[in-house]
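In this note's numbering, the protein residues as written are 2 to 155. All C-beta atoms in this analysis are idealised placements derived from N, C-alpha and C, irrespective of residue type, glycine included. To start, the structure under review is shown below, and the notes come after it.
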């Protein structure tokens, strides 16, 4: 890759960074008309920590808007009940996602057990991939040795 092509990528990286940063905060209109219960639900069903409200609170404070914590918490708890299922825990573990203890205590054990099961499969699959890669390298080395021996005996 040349330095010339890297120069064109920097503006793209900056623009993408700004877009991602913009998604993390809320604008004035969003803050003023926010349905805090729905926002809490979305955060809960996504498995986000309660601290995520703090980021939203900071963004909305710029516009003099204070989130409705009770509504947010009610929505988040509803969302967490959907997120904190054994199937979701298993899927997170199987995909190698980090574990986050966001579930209510009565759902935490089953969610965590399923997460651990999924994580074991993820780790076993990683070992299989690494072993296959090592096998391919060794097969390539063997072919190189055979080729070298063939050239020497010819």
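In this structure, does DSSP put residue i in helix, strand or coil?
| i | result |
| --- | --- |
| residue 49 | coil |
| residue 112 | helix |
| residue 99 | coil |
| residue 125 | helix |
| residue 67 | coil |
| residue 44 | helix |
How would you label residue i, buried or exposed, when you count the other beta carbons within 10 angstroms and need 16 or more for buried?
| i | result |
| --- | --- |
| residue 143 | exposed |
| residue 130 | exposed |
| residue 40 | buried |
| residue 150 | exposed |
| residue 99 | exposed |
| residue 120 | buried |
When you compare each of the options to residue i by their alpha carbons, which one comes out closest?
| i | options | result |
| --- | --- | --- |
| residue 51 | 71, 141, 115, 123 | 71 |
| residue 95 | 139, 56, 113 | 113 |
| residue 77 | 127, 117, 104, 126 | 104 |
Can you list, in chain order, the residues of its chain whose CB lies under 6 Å from that of residue i, leaving out five sequence neighbours each side?
| i | result |
| --- | --- |
| residue 111 | 87 |
| residue 83 | 46 |
| residue 53 | 44 |
For the alpha helix (DSSP H) that residue i lies in, which residues bound it at each end?
| i | result |
| --- | --- |
| residue 85 | Note, residue 85: premise wrong, no alpha helix (DSSP H); not H, not E. |
| residue 30 | 29-33 |
Leaving aside the five residues before and after residue i along the sequence, list all residues of the same chain whose C-beta is less than 8 Å from its C-beta, in chain order.
| i | result |
| --- | --- |
| residue 123 | 94, 95, 96, 97 |
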